[in-house]
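A.B. asks: Residue 1 is where the sequence shown starts when you use the UniProt record's numbering, and the numbers rise one by one after that.
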Amino acid sequence: MPNTSSASKRLRQNEKRRLLNRATRSNMRSTIRRVREAVENNDLETAKNEFKAAQKKLDRAAANNLIHKNAAARTKSRLNTLIKNAAQTA
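(1) Determine whether the beta carbon atoms of Ala38 and Thr46 lie at a separation below 8 Å.
(2) Between which two residues does the alpha helix (DSSP H) holding Ala62 run?
(3) Got a sec? Which residues, its chain only, sit under 8 Å from Asn80 by beta carbon, not counting five neighbours each side?
(4) Look at the alpha carbon of Asn85 and the alpha carbon of Lys48, and state the distance between them as a whole number of angstroms.
(5) For Met53, I'd like the list of residues in its chain whose CB is within less than 6 Å of its CB, leaving aside the five on either flank, ordered along the chain.
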């Protein structure tokens, strides 16, 4: 238990931020999963649309320091390569 009023406020703020970060991270991972599933199902049009959404989510997460900016760039690069390779084989 916090002993001071400022520590109590900090505890409340941390809890709010934790829940927001958790929701944002979950949402980001879901969009990435949808891109991968679309590629597996050879639905390239859907994969491209989902990739645009995933890019936005990754950039927002990186901007808010939820993930590292290089991790966001790496994930976007890997998803883009996945889509391009699927397009070449199709």
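Where is the CB? At the ideal position from N, CA and C, for every residue including glycine. Owing to the predicted nature of the structure, the values given are computational and were not obtained by experimental measurement.
C.D. replies: With the structure as the only source:
(1) Indexing the sequence shown from 1 puts residue 38 at position 38. Indexing the sequence shown from 1 puts residue 46 at position 46. Their beta carbons are under 8 Å apart, which means Ala38 touches Thr46 by this criterion.
(2) Within the sequence shown, the letter at position 62 stands for residue 62. First-last of the alpha helix (DSSP H) with Ala62: Leu44 to Ala63.
(3) Counting from 1 along the sequence shown, the entry for residue 80 is found at position 80. For Asn80, where only same-chain residues beyond five positions count, the Cβ hits under 8 Å are Phe51.
(4) Here the question's residue 85 lines up with position 85 in the sequence shown. Here the question's residue 48 lines up with position 48 in the sequence shown. Going from the Cα of Asn85 to the Cα of Lys48 covers about 13 Å.
(5) Position 53 of the sequence shown, counted from the first residue, corresponds to residue 53. Per the sequence shown, the amino acid found at residue 53 is Ala instead of Met. The residues are Thr31.
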